[in-house]
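The structure appears below as structure tokens.
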Amino acid sequence: MQGKGVIKFLAVLLALVCLYQLSFTWVTRSVEEDARAYAKGNAEKETAYLDSISNQPVYPVFKHSYQYCKDRELALGLDLKGGMNVTMQISLSELIRSLANNNPDATFNQALHNADVVARTSPDNYIDIFMREYKKLSPNGKLAPVFATQSNQSQLKFDASNSQVESYLRNQANTAVGQSFNILRNRIDKFGVASPNIQLQTGTNRILIELPGVSESNKERVRKLLQGSAKLEFYATYENGEVYQMLGNINGILAAKNKTAKKDTAAQATAANDTTKSAGSLLSKAKTAGKDTTGLKGKAQAAEQNPLFAVLTPAIYQGQNGQAQLVPGPVVGSASVSDTAKINAMLRTEEVAAVLPQNLRLLWGSKADEKNKSIPLYAIKLSGAENGPVLSGEMVTDAKSDMDQTQGGWEVSMEMNSDGAKTWRNVTREAAGNPGDENDNRAIAIVLDENVVSAPRVSNEIAGGRSSISGNFTQDETKDLANVLKAGRLPAPARIVEEAIVGPSLGQEAITAGLTSCAVGLAVVLVFMVFYYNRAGTVADIAVFVNVFFLMGVLTSIGAVLTLPGIAGIVLTVGISVDANVLIYERVREELALGKTLRLAIADGFKHALSSILDSQISTFLTGLILFLFGTGPIQGFATTLMIGIATSLFCSLLISRLIFEWMLDKNMEIKFSNPWSSNLFKNSNFGFVKNRFKFYALSGIFILAGIVSMFTRGFSYGVDFQGGRTYVVRYETAASTENVRDAIDQTLGKGKSEVKSFGGKNQVRITTNYMIDDNSSAADDKVEATLRSGLAKVSPQYKILSSQKVGPTIANDIKQSAIWTVIIAIIVISAYILIRFRRWQFSLGAMVATAHDALLVLSFFSLFNGILPFALDIDQAFIAAILTVIGYSINDTVVVFDRIREFLHLRHAKTDDPAVVVNDAINSTLSRTIITALTVVFVLIVLFIFGGDVIRGFSFALLVGVCFGTYSSICVATPVMLDFGGKKLN
């Protein structure tokens, strides 16, 4: 074996990298265990403990902080950790109304109404739907007069054609979706969720959001946070020097308040008076408070004496004379993100509110400093009789990212309407003060949703409504700021159209089920390999262990989120990873049977099996890649795990296993590739697969025909993500029959509106209902849940809703179409790969027919046996993942058989050789590998089905059925089809 040194170096390097990446998870788990022990069940104390050590070193070797480790640990998905998954849809209907200034035109409003109705079930773009509906009502009508105004005349003329109006609406819709994405991302960042995920679905008006760790009690808060409309305002500001004395007063008042537990009311008043008088020494107090005090006692004493300055660092710096100086500008201090809530609570106290001027507000910035994780506090000046902003966001008509032509760098240019331009001129003139004196310039704060996005200083009066905002901006930051500035002009409400809430108890059960299935599945495969392949099986077991270690390390290093389908991918990878070893071992056994020495047989076994291994694993990898590109959420997690698992299993099977064998040979150790009972198990098999192919055609045809009839008559049991609706997982304290629950639900939600199935134990059910599914308002969500609860209480008042999910019909139709195209694309891509590798279209056709055959068999099975088997056979996104995995596995099997057929055809190239005999011999020669590989995967899937939990039971069952069908089709369908269309041409 060449390059052993390089392989050893790569293996050791990869092991060290994986060990380092996994160590972050071990460190954070240890710290969190300490936090739980300290808090003794108090969630607030646990959070406070973790916040207090956020920036403290907890990784002794590398001095990494807890937050650093937390950002790099193995992240758990919603189904394992619990949390909230939301799909937001931007209301383009309301956007169009706003762009038209709520035009009363009857045809325009009727077209919008019709578009709203059609869009509920159509996957088409809303702008396309609206334009079609308007054309139906008024074929010769002109939309330009509806939308063209003075404020948008640079983009849309009064005599514009309908196609130009359509282009304008598309641009505005894309801008609105981009704005909403930035606004939602900004809000989510401030919600305090660990590892949030927000994705903009390209080409749609939908945004996917994952919030791990959000509990059931917080779901209403999240709904309000996400669905609230953005609020953009411009404010005048105070200078730091005008406010710092007041901060000293507040610090003194709070310090005096801390002493009330020890002093009487009179002493308290005296203390407050004394501290107020001495507030002039703010700079020295702030400087002293900012010093590090060792030990908890010292920190507690500092916090008692200077409660505000213990958490808020005033905006001061050390001047050239060594004296503390105030930083010019509206920033009056900064604090750690984790301390902002504590400071807000201080500022809201009755005593502090009494000394703050009515026209002063202290607002936090929208962006924390990346280096020290601190966030600035701004002093905002309220204006007018109503104490409001100097200008509102509705005045801004346009904003864009530009290059600063004079000083370089990036800036944001913006335009305002006529009223806004007039107001802006007055505001900037006042803020500029004396244009020739920089010290007289003040800042204007841009505030979005009560947070300061930027506060640029104004040096000159700005006339004409056009101005620019410059600063130390990156190009992306100016693009984001431009979108923020346009938020007031384009109000596009965001609605929740899909929602899933997973309770932490369900998440813990999912973790337990997943880990159990992993452990048992691994044990079954390891035992079977030793049982069948003797000592060589032990080498395969070592490779499997190393493979799982590498897989987990790579998943952590790329920041992948582990979901329950991801765990299923790990379990399946364990089963598939032995496939390469099985191929190698079967070839080694063949070489030994030819009389070769053990060393030569091992070398030739690895060499001759390489082609089959690469072809089979690459075809499965292509399936995973298609799943990743076209799937969403948990399916992507499964695909990621599958693809990484294939790569690591190839490395371990081809290289690590080979290194172990070379070491054993050098040590003259005895190596056996079979036990006495297994050595001749499939030897000299001569089954008539080709001769009986028409029987197999008939068998498959009858089953598929029965399935198609069942599909049209009985249909499928669609999951909620395919049919639209709301689904709830409910657990009662005691056993509850599905019949009793169904009867109670029918009385409240209506007959035929709901479906009730057992889900896990006798006390747990899953309820799916389409009641009020067309109403996307939050009031509808509350009404459905309240109505459902009234029905559940009739069975027993002792129950708990563990999780809920909501999918609108538009989402459901999109998922269906995406699923269909994903399967079609998978079949085409894999067939193309077969064509490239085998250079005969007959092979590609056989593979295409077999994969389509497998998909139809699984669909037929799920339709025929739906309602007959004692568990749900739902068609949902997880089922599509299963179908594609089955296709990949089937191709894996088929490629191995095809590879042996190609080899036999090259060896028996004489014209007298009957292709049917060659093909049949090739099938029988690979029968041992086909059966053994299928058994290992089936064993794993049976374990997954039994121990994996109800959440993925349908998924694992689809895989189990599909693997059986895939093994059958690779032998009895793919090769016969290839033979029938190739005939003598195969010679």
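Numbering (the numbering used here), first residue to last: 51 to 1037.
Beta carbons: idealized from backbone N, C-alpha and C, even for Gly.
Is there contact here, the segment 1007-1026 with the segment 932-947, by at least three beta-carbon pairs under 8 angstroms? yes
Quick check: the Cα distance between Arg708 and Gly587, rounded to an integer number of angstroms? Locating residue 708 in the sequence shown gives position 658, counting from the first residue. Locating residue 587 in the sequence shown gives position 537, counting from the first residue. Approximately 13 angstroms between the Cα atoms of the pair.
For Phe284: DSSP bridge partner residues: In the sequence shown, residue 284 corresponds to position 234, counting from 1. Per DSSP, Leu441 and Ile496.
Just checking, does the segment 619-628 make contact with the segment 643-654 on the three C-beta pairs under 8 angstroms criterion? no
Whole-angstrom Cβ separation of Leu297 and Val382, contact assumed at under 8 angstroms? On the sequence shown, residue 297 is found 247 positions in, with the first residue counted as 1. On the sequence shown, residue 382 is found 332 positions in, with the first residue counted as 1. With a Cβ gap of about 7 angstroms, Leu297 and Val382 count as contacting.
Residues of its chain near Ile393, where Cβ-Cβ distance is below 7 angstroms and the 5 sequence neighbours each way are ignored: Taking the sequence shown and counting its residues from 1, the one referred to as residue 393 is at position 343. Excluding sequence neighbours, Ile393 sits near Val361, Leu362 and Ala385.
Note down the Cα distance separating Ile676 from Thr872, rounded to an integer number of angstroms. Position 626 of the sequence shown holds residue 676. Position 822 of the sequence shown holds residue 872. Spanning the two alpha carbons is a distance of roughly 7 angstroms.
Which residues DSSP lists as bridging Ser416, in chain order: One-based indexing of the sequence shown puts residue 416 at position 366. Answer by DSSP bridge pairing: none, since Ser416 is not bridged.
Between the Cα of Val462 and the Cα atoms of Ala471, Val815 and Asp452, which residue gives the shortest distance? Numbered from its first residue, the sequence shown carries residue 462 at position 412. When only C-alpha atoms are compared, the closest one is Asp452.
Length of the line joining the Cα atoms of Cys568 and Leu994: Taking the first residue of the sequence shown as 1, we reach residue 568 at position 518. Taking the first residue of the sequence shown as 1, we reach residue 994 at position 944. Near 8 angstroms, if we compare the C-alpha coordinates of Leu994 and Cys568.
Considering only their Cβ atoms, is the gap separating Met134 from Leu261 smaller than 8 angstroms? Position 211 of the sequence shown, counting from 1, holds the residue named residue 261. Position 84 of the sequence shown, counting from 1, holds the residue named residue 134. It is a contact, given that the beta carbons lie within the stated cut-off.
Since Leu906 contacts Ile754 with CB under 8 angstroms, what's their CB separation in whole angstroms? Numbered from its first residue, the sequence shown carries residue 906 at position 856. Numbered from its first residue, the sequence shown carries residue 754 at position 704. About 5 angstroms; that satisfies the 8 angstroms criterion.
Work out the CA separation of Ala843 and Val196 for me, nearest whole Å. Counting from one through the sequence shown, the residue named residue 196 turns up at place 146. Counting from one through the sequence shown, the residue named residue 843 turns up at place 793. Spanning the two alpha carbons is a distance of roughly 53 angstroms.
Ends of the beta strand (DSSP E) at Gly461? Translated into the one-based positions of the sequence shown, residue 461 becomes position 411. First, the residue type needs correcting, since residue 461 is Glu and not Gly in the sequence shown. Counting along the chain, the beta strand (DSSP E) containing Glu461 begins and ends at Trp460 to Met466.
Mind the definition here: the segment 830-838 touches the segment 794-802 only if three or more C-beta pairs lie below 8 angstroms; say whether that holds. yes
Between which residues of its own chain and Thr976 is the CB-CB distance below 7 angstroms, once the five residues before and five after are set aside? As a position in the sequence shown, residue 976 is number 926, starting the count at 1. Once the five neighbours on either side are set aside, the close Cβ partners of Thr976 are Val946, Val947 and Arg950.
In three-state DSSP terms, what is Ala329? As a first step, residue 329 is located in the sequence shown; it is residue number 279 there, counting from the start. The predicted model places Ala329 with a pLDDT of 39, which falls under 50 and marks its position as unreliable; any figure quoted below should be read in that light. In this structure, Ala329 counts as helix in the three-state DSSP scheme.
What is the DSSP secondary structure of Ala1008, reduced to helix, strand or coil? In the sequence shown, residue 1008 corresponds to position 958, counting from 1. DSSP places Ala1008 in helix when its eight states are reduced to three.
Between Met822, Glu636, Gln686 and Gln203, which has its C-alpha nearest Leu934's C-alpha? By one-based count along the sequence shown, residue 934 stands at place 884. The shortest Cα separation from Leu934 among Met822, Glu636, Gln686 and Gln203 belongs to Gln686.
Can you say whether Gly751 is buried or exposed, counting buried as having 16 or more other CB atoms within 10 angstroms of its CB? In the sequence shown, the residue the question calls residue 751 occupies position 701. Exposed, since its Cβ has fewer than 16 Cβ neighbours within 10 Å.
Can you check which of these residues, Asp487, Lys423, Asn371 and Arg273, is closest to Ile546 by C-alpha distance? Numbered from 1 along the sequence shown, position 496 holds the residue referred to as residue 546. Nearest C-alpha to Ile546: Arg273.
How far does the alpha helix (DSSP H) with Ser148 in it reach, from first residue to last? Reading the sequence shown from its first residue, position 98 is the one you call residue 148. First-last of the alpha helix (DSSP H) with Ser148: Leu142 to Leu149.
Which of the three DSSP states is assigned to Asp342 in this structure? By 1-based counting over the sequence shown, the position of residue 342 is 292. Confidence is the limiting factor: at Asp342 the pLDDT is only 47, short of 50, which leaves the residue's position unreliable, though a coordinate-based value still follows. Of the three classes helix, strand and coil, the one that applies to Asp342 here is coil, per DSSP.
Whole angstroms are fine: how far does the CA of Pro364 sit from the CA of Asn308? Translated into positions along the sequence shown, residue 308 becomes position 258. Translated into positions along the sequence shown, residue 364 becomes position 314. Taking the straight line joining both Cα atoms gives about 21 angstroms.
What's the C-alpha gap between Arg764 and Gln892? As a first step, residue 764 is located in the sequence shown; it is residue number 714 there, counting from the start. As a first step, residue 892 is located in the sequence shown; it is residue number 842 there, counting from the start. Between Arg764 and Gln892, the C-alpha separation is close to 36 angstroms.
Please state the DSSP three-state secondary structure of Glu480. Reading the sequence shown from its first residue, position 430 is the one you call residue 480. Residue state, collapsed to three classes: helix.
Is it true that the CB of Gly1004 sits closer than 8 angstroms to the CB of Asp924? Position 874 of the sequence shown holds residue 924. Position 954 of the sequence shown holds residue 1004. Yes, the Cβ-Cβ distance between Asp924 and Gly1004 is below 8 angstroms.
Reduced DSSP secondary structure (H/G/I, E/B, other) of Met296: Here residue 296 corresponds to residue number 246 of the sequence shown, with the count starting at 1. Correct three-state label for Met296: helix.
So does the segment 506-526 actually touch the segment 465-478, counting three or more Cβ pairs closer than 8 angstroms? yes
DSSP three-state assignment for Arg256, whether helix, strand or coil: Counted from its first residue, the sequence shown places residue 256 at position 206. Strand, per DSSP.
Alpha carbon to alpha carbon, how far is Ala471 from Ser148? Residue numbering aside, residue 471 sits at position 421 when the sequence shown is read from its first letter. Residue numbering aside, residue 148 sits at position 98 when the sequence shown is read from its first letter. Cα to Cα, Ala471 sits roughly 21 angstroms from Ser148.
Where do the N-terminal and C-terminal ends of the alpha helix (DSSP H) with Arg398 fall, by residue? Here the question's residue 398 lines up with position 348 in the sequence shown. Premise fails: Arg398 is in no alpha helix (DSSP H) and is neither H nor E.
Evaluate Asn970 with the Cβ neighbour count: other Cβ atoms within 10 Å of its Cβ, from every protein chain shown; 16 or more gives buried, anything less gives exposed. For the purposes of this step, residue 970 is taken as the residue at position 920 of the sequence shown. Asn970 is buried by the Cβ-count criterion.
Cutting at 7 angstroms between CB atoms, please list the residues of its own chain near Phe671, excluding the five before and the five after it. Walking along the sequence shown from the start, residue 671 turns up at place 621. Correct list, in chain order: Met693 and Ile696.
Alpha helix (DSSP H) segment containing Leu427, residue limits: Counting from one through the sequence shown, the residue named residue 427 turns up at place 377. Premise fails: Leu427 lies in the beta strand (DSSP E), Ser424 to Lys431, not in any alpha helix (DSSP H).
Helix, strand or coil for Val111? Go by DSSP, reduced to three states. Taking the first residue of the sequence shown as 1, we reach residue 111 at position 61. Val111: coil per DSSP, three-state reduction.
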